[in-house]
Amino acid sequence: VQLQASGGGLVQPGGSLRLSCVASGKILSINNMGWYRQAPGKQRELVASITDGGITTYADSVKGRFTVSRDNAKNTVYLQMNSLKPEDTAVYYCYTDIKLEIGGYREWGQGTQVTVSS
């Protein structure tokens, strides 16, 4: 299974970006999907997650600005980021929790850079 993230870039404060992450390969089914981020000198932190039933969770710092969604038919998770702030600058990593017949595992994407700067 491979995850391919896209949509990062340079945006001015107050702007928007939409990240996408597609899972491909032999996939039985997917449980949770979501996004982490890591800024320079900081630990990786959970930004948002969504269950296979559509229940979402957000970091306090992004609530009301970011929206996570998924398309189960396309094995894709999205992160709509609005009202971006300089402190949102980080490398964003997507993940999926792959279900197996017994157990499962977490797969990570390669990361996409988001830079918020004027």
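The numbering used here puts the sequence shown at residues -11 to 106. We treat Cβ as the ideally placed atom computed from N, Cα and C, and that holds for glycine. Owing to the predicted nature of the structure, the values given are computational and were not obtained by experimental measurement.
Among the options, the one whose alpha carbon lies nearest that of residue i
i: P74; options: S106, N19, S8 and L34; result: S106
i: G13; options: G(-5), Q101, I86 and T100; result: I86
i: R25; options: Y83, I15, L88 and G42; result: Y83
Nearest-angstrom Cα separation, counted from residue j out to residue i
i: R53; j: D59; result: 20 Å
i: D40; j: V10; result: 15 Å
i: T100; j: S17; result: 24 Å
i: L(-9); j: V56; result: 16 Å
i: V104; j: Q0; result: 5 Å
i: A47; j: A61; result: 26 Å
i: G42; j: P28; result: 31 Å
i: I15; j: T45; result: 24 Å
Cβ-Cβ distance between residue i and residue j below 9 Å
i: E95; j: V(-11); result: yes
i: G22; j: V102; result: no
i: N20; j: S(-6); result: no
i: S49; j: G2; result: no
Q | Sequence ranges, beta strand (DSSP E) only - wholly within the segment 0 to 47, length at least 3 | A | 5 to 12, 17 to 26, 33 to 38 and 44 to 46
(Q) With three or more beta-carbon pairs closer than 8 Å as the criterion, would you say the segment 76 to 84 touches the segment 19 to 35? (A) yes
Q. Three or more C-beta pairs closer than 8 Å, one from the segment 0 to 7 and one from the segment 59 to 73: is that the case here?
A. yes
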